[in-house]
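In my numbering, the protein residues as written are 84 to 303.
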Amino acid sequence: MPKRPPLSDLDDFEASGAVQYAVRKRDTLAGKRLVIAGGGDSALDWTVNLVDIAESVTLVHRRDDFRAAPDTVAKMRALVAEGRVTLHIGQLKGLEGTGGQLDNVLVQAAGAEAPDALAADVLLPFYGLTMKLGPIAEFGLNLEENLIPVDTERFETSEPSIFAVGDINHYPGKLKLILSGFHEAALMAHAAYGIIHPDKKIRFQYTTSSSSLQKKLGVA
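Take a look at the structure:
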């Protein structure tokens, strides 16, 4: 689940879409005054990608040091130098608005006596993910320290036909790598296919030799 900023009265703004933790449809942010919070890849990627369609983009981070890809950081700083992006060093302190409609994001710089009010229609906080299970905790699955044990043949949980891949699962020798996640997802997909199509045999194909796969990928 996304990490929520430590602000009060978030619920109404989240419900109205004034606070969003992911960009699902880029065009819905066209013409909006955006405040983007965070210092990683997601925050800077969207800063760079939304500047052409938003009315304004303000990037907020607690310090003038970023964890994103160097090329993206360079693009962001160029946009700041051009006056197309505003960089505000400080921390989120509050939201102003009524009925779920956002008017201002309050940001306070270190050592400042009071926060600045940044005019905004939408706040996009990109603070990473938290391991809180949310509704998954109610699924009746066996859990070990907020992780879901799986078998490594099918990546099935303690409940038949419910699978878990990625950082949420646990097994001996688990490595939290994207590469491992792809491996887990491939084995899970094969197992799930057998449940969905019990009378069909999986046709194993390789992108290097399968003309049908190459056609689907547009490389044939």
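Every residue gets a Cβ at the ideal spot worked out from N, C-alpha and C, and that includes glycine. Predicted model, so just to flag it, every value in this text is computed and none were measured.
Q: State the Cα-Cα distance for the pair glutamate 187 and leucine 117, rounded to the nearest angstrom.
A: The residue given as residue 187 occupies position 104 in the sequence shown. The residue given as residue 117 occupies position 34 in the sequence shown. According to the sequence as given, residue 187 is asparagine; it is not glutamate. Approximately 10 Å, taken between the alpha carbons.
Q: Could you tell me whether the segment 117-136 touches the segment 148-155, where touching means 3 or more Cβ pairs closer than 8 Å?
A: As far as the Cβ criterion goes, the segment 117-136 touches the segment 148-155, which means the pair count is three or higher.
(Q) Can you tell me whether isoleucine 261 is buried or exposed? The criterion is at least 16 other CB atoms within 10 Å of its CB, across all chains shown. (A) Along the sequence shown, one-based indexing puts residue 261 at 178. Looking at its Cβ environment, which holds fewer than 16 other Cβ atoms inside 10 Å, isoleucine 261 is exposed.
Q: With DSSP collapsed to three states, give me the class of glycine 264.
A: Stepping through the sequence shown from its first residue, residue 264 is reached at position 181. When secondary structure is reduced to three states using DSSP, glycine 264 falls in the helix class.
Q) Between which two residues does the beta strand (DSSP E) harbouring glutamate 179 extend? A) Looking up residue 179 in the sequence shown gives position 96. Run containing glutamate 179: 174-181, per the beta strand (DSSP E) assignment.
**Q.** Exposure label - glycine 182; buried when at least 16 CB within 10 Å
**A.** Counting from one through the sequence shown, the residue named residue 182 turns up at place 99. Burial call: exposed.
(Q) By DSSP's criteria, leucine 201 is part of a beta bridge. Which residues make up the other side? (A) As a working note, residue 201 is residue 118 in the sequence shown. BP columns for leucine 201 point to Val188.
Q. Residues in its own chain within less than 8 Å of valine 131 by CB, not counting five upstream and five downstream?
A. Numbered from 1 along the sequence shown, position 48 holds the residue referred to as residue 131. Within the same chain, Thr155, Lys158, Met159, Leu162 come within 8 Å of valine 131 by CB-CB distance, once the 5 residues on both sides are set aside.
Q | As assigned by DSSP and simplified to three states, the class of alanine 98 | A | Mapped onto the sequence shown, residue 98 falls at position 15. DSSP, reduced to helix, strand and coil, places alanine 98 within a helical segment of the structure shown.
Q. With lysine 176 and proline 208 assumed to form a contact (beta carbons below 8 Å), what rounded beta-carbon distance in angstroms separates them?
A. The residue you call residue 176 lines up with position 93 of the sequence shown. The residue you call residue 208 lines up with position 125 of the sequence shown. Rounded, the Cβ-Cβ distance is 13 Å, inconsistent with contact.
Q: Check whether the Cβ atoms of leucine 189 and glutamate 196 sit closer than 8 Å, and answer yes or no.
A: Start at 1 with the first residue of the sequence shown, and residue 189 comes out as number 106. Start at 1 with the first residue of the sequence shown, and residue 196 comes out as number 113. Against a cut-off of 8 Å, the Cβ pair of glutamate 196 and leucine 189 comes out as no contact.
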